[in-house]
Amino acid sequence: MLGVDVGSTVIRCHVYDKAAAIKGARAKQVEVLHPQPGWVELDPESLWTQFVDVVKEAVQAAGIKMNQISALGVATHRATFLTWNRETGKPFHNFISWQDRRAADLVKSWNRSFLMKAVHGFSSLLHFFTRIELFLMASRLTFTTQHISLRLSWVLQHISEVEQAIKDDNCCFGTVDTWLLYKLTK
12 MLGVDVGSTV IRCHVYDKAA AIKGARAKQV EVLHPQPGWV ELDPESLWTQ
62 FVDVVKEAVQ AAGIKMNQIS ALGVATHRAT FLTWNRETGK PFHNFISWQD
112 RRAADLVKSW NRSFLMKAVH GFSSLLHFFT RIELFLMASR LTFTTQHISL
162 RLSWVLQHIS EVEQAIKDDN CCFGTVDTWL LYKLTK
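In this note's numbering, the protein residues as written are 12 to 197.
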């Protein structure tokens, strides 16, 4: 079995035998890009190459062959995402990391919006009358730059290729694990 952890700074792979003993392991630093202040990206093709290299090296260190691997587990940071062309597999942009702050203005705008104020007010009122904790939690709901939805909205507003690909039903969206599975099954 292989266990691969694709973290923000390191990709680790462990090879386990049937008794769950570690038979081989490797790790590589992830190349993090900062093209502008507050932006945090990962190059998808570089990440794929690093993933493959770490897996191959760990399998070799375990002294086994790839066809002896019976299972693969992948752990990733789930708020880092990518969009890519469905037909060609070519990414429209680099992975946008969960640490990225490019959508900060959009987040502030949403958190200050009439809609969010209405949600907070209505939820507070419902909590006051019902004492149901769920309404109290909703009254405190705010967006952050870690939410994929607003970073994806930023992509839709700033990368015209993505908008066109969506109109053409030719756009895929996914997190790091989705991209790796796409590449593994391509």
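Heads up, the beta-carbon is just placed ideally off N, CA and C, and yes, glycines get one too.
It should be emphasised that the depicted structure is a prediction, and the values quoted were computed from it without experimental measurement.
Best match in the options for proximity to residue i [C-alpha to C-alpha]
i      : options                : result
Phe146 : Gly185, Lys119, His131 : His131
Thr60  : Val51, Gln79, Val17    : Val17
Ser124 : Leu152, Leu137, Phe103 : Leu152
Trp50  : Lys39, Leu167, Asp111  : Asp111
Trp190 : His104, Lys128, Ala30  : His104
Gly84  : Ala72, Val66, Asn122   : Val66
Thr196 : Gln71, Leu53, Gly100   : Gly100
Neighbourhood of residue i by C-beta distance below 6 angstroms, restricted to the same chain and skipping five residues each side
i      : result
Ala149 : Ser134
Ala36  : His25, Ala69
Phe184 : Thr94
Close-in-space but distant-in-sequence residues of the same chain around residue i (CB under 8 angstroms, 5 per side omitted)
i      : result
Ser164 : Ala114, Leu117
Ser57  : Glu42
Tyr27  : Met12, Leu13, Gly14, Ile33, Lys34
Exposure label - residue i; buried when at least 16 CB within 10 Å
i      : result
Ser108 : buried
Glu1   : What the structure shows of the chain is the stretch from 12 to 197, and residue 1 is not part of that stretch, so it cannot be assessed.
Ala30  : exposed
Ala176 : buried
8 angstroms contact criterion, which residue i and residue j should meet: CB distance rounded
i      : j      : result
Gln168 : Ala90  : Between Ala90 and Gln168 the Cβ distance is about 19 angstroms, and since that is not below 8 angstroms, they are no contact.
Trp121 : Phe154 : 5 angstroms
Chain-order list of residues whose beta-carbon lies under 7 angstroms from that of residue i (same chain, five-residue window excluded)
i      : result
Asn181 : Asn96, Arg97, Glu98
Ile170 : Phe103, His104
Lys194 : Trp59
Gln40  : Thr20, Val21
Enumerated in chain order, which unbroken segments of the beta strand (DSSP E) with a length of 3 residues or greater are wholly contained in the stretch 94 to 132?
none
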